[in-house]
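Trainee: Just so you know, we're using the working numbering here: the sequence shown kicks off at 4 and counts up by one.
All C-beta atoms in this analysis are idealised placements derived from N, C-alpha and C, irrespective of residue type, glycine included.
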Amino acid sequence: MKHLKRIGLFVATVVLIIGFSVSVQAKEWRGWNIHVAGYPNTVAMDKFAELLSEKSGGKMTLKMYHSGTLGSQPDAIEQVRIGGLEIGNFNMGPIGPIVPEANVVSLPFIFKDVDHMWRVLDGEAGKMMEAGLAKKGLVTLAWYDAGARSFYNSKKPIEAPADVGGMKVRVMNNDLYSGMISALGGNPSPMAFAEVYQSLKTGVVDGAENNWPSYESTGHYEVAPIYSNSQHLIIPEIVCINADVWKSLSPEDQKILKEAAQESAILQRDLWKKREKASEEKVLAAGVKLNEIPDKSAFQAAMKPVYDKYLKDNPDLKPLVELIQATP
Ligand code: BDP
Numbered sequence: 004m005k006h007l008k009r010i011g012l013f014v015a016t017v018v019l020i021i022g023f024s025v026s027v028q029a030k031e032w033r034g035w036n037i038h039v040a041g042y043p044n045t046v047a048m049d050k051f052a053e054l055l056s057e058k059s060g061g062k063m064t065l066k067m068y069h070s071g072t073l074g075s076q077p078d079a080i081e082q083v084r085i086g087g088l089e090i091g092n093f094n095m096g097p098i099g100p101i102v103p104e105a106n107v108v109s110l111p112f113i114f115k116d117v118d119h120m121w122r123v124l125d126g127e128a129g130k131m132m133e134a135g136l137a138k139k140g141l142v143t144l145a146w147y148d149a150g151a152r153s154f155y156n157s158k159k160p161i162e163a164p165a166d167v168g169g170m171k172v173r174v175m176n177n178d179l180y181s182g183m184i185s186a187l188g189g190n191p192s193p194m195a196f197a198e199v200y201q202s203l204k205t206g207v208v209d210g211a212e213n214n215w216p217s218y219e220s221t222g223h224y225e226v227a228p229i230y231s232n233s234q235h236l237i238i239p240e241i242v243c244i245n246a247d248v249w250k251s252l253s254p255e256d257q258k259i260l261k262e263a264a265q266e267s268a269i270l271q272r273d274l275w276k277k278r279e280k281a282s283e284e285k286v287l288a289a290g291v292k293l294n295e296i297p298d299k300s301a302f303q304a305a306m307k308p309v310y311d312k313y314l315k316d317n318p319d320l321k322p323l324v325e326l327i328q329a330t331p
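Encoded structure:
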């Protein structure tokens, strides 16, 4: 009887182990993306999924959930960190509060332009950010372009910092952005992306800020038709995977995964450039008033309290800020 019991236990254990490894092997990963069909990130993430299963012979598969159907961005970031979801394409804005090193990209005007941002990400500063992300459970697979963000509203062109005074402006969830609006004399209103259209329409907020493609794809231009080209934030976007899932993979599989993500990034950056132009043209044709701000120095100077606060909270990150500023 004892003997039989032991065999039973052995069989049960084997079944469990086989069952477990099968479920680990054949598990389809779930990927989060906030954007709608046709948006550069959506097309590129689908390409990533396609390349992944192709290159791994179906061993690694990813099912993408677009349009934020799996929840808000801050929630999804948390889910990928704890393993409720495996993969995500995130803006660095809502990741910043969790990863101080990576929050450096959310300092207004830290980058001279998008090319400068790429040089920084490709260098030592990029490595420091990726190390910070990994410590918090997010392994970087690739970087996507999100252009530059500018202010838009339904009231008036923003020509000088004082024009933001008294305006209620929606920002992403990150204290640096709230500090940025306060430093300009406005009232920051952190809010989920999905709520912004209605809030602009009903006057809960006067304005918001984003790049051309998101301004267009969300229809924000219909309800906030004055766009002032401040380009105050240039924030990259990450494609990342849960750190435990990453560690469970063989070096070969890690290589395949990274390659697939990097190839999708090449596509995304190309689509991005085209969409930026197309979106700008579309909204201007629809009647949006574009206000250029050739001299941004007053806006830059107004950001001093934002930098001071970041460095006061993270004194050890001063060299990182200086490294970025010194990167040609
Ligand atoms: C877009 C980003 C998206 C953000 C959104 C926002 O791609 O990840 O959620 O801005 O403003 O540009 O919330």
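Measuring straight from C-alpha to C-alpha, what distance separates residue 312 and residue 40?
Mentor: Mapped onto the sequence shown, residue 312 falls at position 309. Mapped onto the sequence shown, residue 40 falls at position 37. Using only the alpha carbons, I get a separation of about 38 Å.
Trainee: Are residue 155 and residue 224 touching if we call contact CB-CB under 9 Å?
Mentor: Along the sequence shown, one-based indexing puts residue 155 at 152. Along the sequence shown, one-based indexing puts residue 224 at 221. Yes, these two residues count as a Cβ contact at 9 Å.
Trainee: Return the CA-CA distance between residue 305 and residue 158, expressed in angstroms with no decimal places.
Mentor: Counting from 1 along the sequence shown, the entry for residue 305 is found at position 302. Counting from 1 along the sequence shown, the entry for residue 158 is found at position 155. For residue 305 and residue 158, the distance between alpha carbons rounds to 22 Å.
Trainee: With 16 other CB atoms within 10 Å as the buried threshold, where does residue 151 fall?
Mentor: The sequence position of residue 151 within the sequence shown is 148, counting from 1. Residue 151 comes out buried.
Trainee: Who pairs with residue 143 in a beta bridge, going by DSSP?
Mentor: What you label residue 143 is simply residue 140 of the sequence shown in a count that begins at 1. As a beta-bridge residue in DSSP terms, residue 143 pairs with 243.
Trainee: Of all the options 329, 319, 220, which has the alpha carbon lying nearest to the alpha carbon of residue 135?
Mentor: The sequence position of residue 135 within the sequence shown is 132, counting from 1. Closest by alpha carbon: 319.
Trainee: Contact check, residue 232 vs residue 293 under 8 Å by CB: the rounded distance?
Mentor: To locate residue 232, count along the sequence shown from 1; it is residue 229. To locate residue 293, count along the sequence shown from 1; it is residue 290. Sure, about 7 Å apart at Cβ, within 8 Å.
Trainee: When burial is assigned at 16 or more other CB atoms within 10 Å of the CB, is residue 240 buried or exposed?
Mentor: Counting from one through the sequence shown, the residue named residue 240 turns up at place 237. The residue in question, residue 240, is buried, as its Cβ has 16 or more Cβ neighbours within 10 Å.
Trainee: Going by DSSP, what residues sit across from residue 294 in a beta bridge?
Mentor: Reading the sequence shown from its first residue, position 291 is the one you call residue 294. Answer is 231, bridged to residue 294.
Trainee: Using DSSP with H/G/I as helix, E/B as strand and the rest coil, what is residue 172?
Mentor: One-based indexing of the sequence shown puts residue 172 at position 169. In the structure shown, residue 172 sits in a strand (DSSP, three-state: E or B).
Trainee: Looking at residue 106: is its Cβ nearer than 9 Å to the Cβ of residue 95?
Mentor: Here residue 106 is taken as the residue at index 103 of the sequence shown, counted from 1. Here residue 95 is taken as the residue at index 92 of the sequence shown, counted from 1. With contacts defined by Cβ atoms closer than 9 Å, residue 106 and residue 95 form a contacting pair.
Trainee: Tell me whether the region 262-272 and the region 40-53 touch, counting them as touching only if at least three CB pairs, one residue from each stretch, are closer than 8 Å.
Mentor: yes
Trainee: Do you know how far the Cα of residue 51 is from the Cα of residue 68?
Mentor: Walking along the sequence shown from the start, residue 68 turns up at place 65. Walking along the sequence shown from the start, residue 51 turns up at place 48. Distance between the alpha carbons of residue 68 and residue 51 is about 13 Å.
Trainee: Please tell me whether, using a cut-off of 8 Å, the distance from the CB of residue 217 to the nearest non-hydrogen atom of the ligand BDP is below it.
Mentor: Numbered from 1 along the sequence shown, position 214 holds the residue referred to as residue 217. Yes, the ligand BDP has a heavy atom inside 8 Å of this Cβ.
Trainee: Give, in chain order, every unbroken run of the beta strand (DSSP E) that is at least 3 residues long and sits entirely within the region 38-71.
Mentor: 64-68
Trainee: Across which residues does DSSP place residue 212 in a beta bridge pair?
Mentor: As a first step, residue 212 is located in the sequence shown; it is residue number 209 there, counting from the start. According to DSSP, which records beta bridges pairwise, residue 212 is partnered with 154.
Trainee: What is the C-beta distance between residue 263 and residue 54, in whole angstroms, given that I count them as a contact (C-beta under 8 Å)?
Mentor: The count along the sequence shown starts at 1 and reaches residue 263 at position 260. The count along the sequence shown starts at 1 and reaches residue 54 at position 51. So it is a contact: roughly 4 Å between Cβ atoms.
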